[in-house]
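**Student:** Take this structure first; my questions come after.
Numbering (my numbering), first residue to last: 3 to 89.
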């Protein structure tokens, strides 16, 4: 999947879904994983998405969808590169 598309989808989920909806989405990610490795990846990503949502809910002014797309896109590209950009 294109990382920019994934970033846009995650940003939309974070800005339009409440915590309960996100918990259900993450549960489905885990259940539908095709392999144990993919399930582990979905668990880690799901935990991080839920942590972000919790932090945004506490913020006086949560980031906009556009700001999230940019930040998530950068994070996903860094993760995909294995962190080479910071080594």
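Think of the CB as a built atom: it goes at the ideal place given N, C-alpha and C, for glycine as much as any other residue.
#1: Who are the near neighbours of residue 54 in its chain, counting only those whose CB is closer than 8 Å to its CB and skipping five residues on each side?
#2: Taking residue 47 as the reference, which of 10, 68 and 78 has the closest Cα?
#3: Under 6 Å Cβ to Cβ from residue 19, same chain only, skipping five residues before and after it: list those, please.
#4: With C-beta atoms as the reference, is residue 52 less than 7 Å away from residue 12?
#5: Where residue 35 and residue 10 are concerned, what is the direct C-alpha to C-alpha distance, given to the nearest angstrom?
**Tutor:** In short:
#1: Against the chain shown, residue 54 aligns to sequence position 52. Excluding the 5 residues flanking it on each side, residue 54 has same chain C-beta neighbours closer than 8 Å at 16, in chain order.
#2: In the chain shown, residue 47 corresponds to position 45, counting from 1. Of the candidates 10, 68 and 78, the one whose C-alpha sits nearest the C-alpha of residue 47 is 78.
#3: As a position in the chain shown, residue 19 is number 17, starting the count at 1. Here the set comprises nothing.
#4: Position 50 of the chain shown, counted from the start, is the residue given in the question as residue 52. Position 10 of the chain shown, counted from the start, is the residue given in the question as residue 12. The answer is no: Cβ separation not under 7 Å.
#5: As a position in the chain shown, residue 35 is number 33, starting the count at 1. As a position in the chain shown, residue 10 is number 8, starting the count at 1. Spanning the two alpha carbons is a distance of roughly 21 Å.
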